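A short worksheet on the structure shown next.
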Amino acid sequence: MNEASTKGKEQALLLRDLLTDSDSRFDPQAYVLRPDVVLEISQEIVKETGHFNRTRAAALAAIDQLRKAVGQKRILIEERELSWLDTMENQIEEIPHDEQEFIHRMIEENASDKFKPEKYDL
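The sequence shown begins at 514 in this note's numbering and counts up by one.
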């Protein structure tokens, strides 16, 4: 990219777009990392406060962007894979908005003599 930028802004942006678009039609991870999609997700992130709620918002926004892309035929996801979007969304929606409540719930659900929450200041 450094060398491309010496050729001018348009050339650098073209190279960026070629590199990011290469797999975005076939790979959900690549799709959500496209600059235009990242900007859409970012708009949802900044509406929230705190890392916890922003992470939650990012996950929901990514799922929303994937659904829109499927509907617009911008990404090819096999029919049998589409149910995972619902599964992920449902799991994220079950996460409480309160970070401490979430941490407490996870500690209870993952109780083990091998995990010592106090070692992590929890």
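We treat Cβ as the ideally placed atom computed from N, Cα and C, and that holds for glycine.
Bear in mind that the values here come from a model prediction, so they are computed numbers and not experimental data.
C-alpha gap between residue i and residue j, whole angstroms
i: residue 613; j: residue 621; result: 12 Å
i: residue 520; j: residue 528; result: 11 Å
i: residue 546; j: residue 586; result: 17 Å
i: residue 574; j: residue 595; result: 16 Å
Boundaries (first-last residue) of the alpha helix (DSSP H) holding residue i
i: residue 564; result: 564-584
i: residue 544; result: 541-545
i: residue 617; result: 612-622
i: residue 590; result: Careful: residue 590 lies outside any alpha helix (DSSP H) and carries neither H nor E.
i: residue 631; result: First-last for residue 631: undefined, no H or E at that position.
Contact under 8 Å by Cβ, residue i with residue j
i: residue 650; j: residue 570; result: In the structure as shown, the chain starts at 514 and stops at 635, and residue 650 therefore has no counterpart that could be examined.
i: residue 583; j: residue 590; result: yes
i: residue 544; j: residue 535; result: no
For residue j and residue i, believed in contact at Cβ under 8 Å, the rounded distance
i: residue 553; j: residue 578; result: 6 Å
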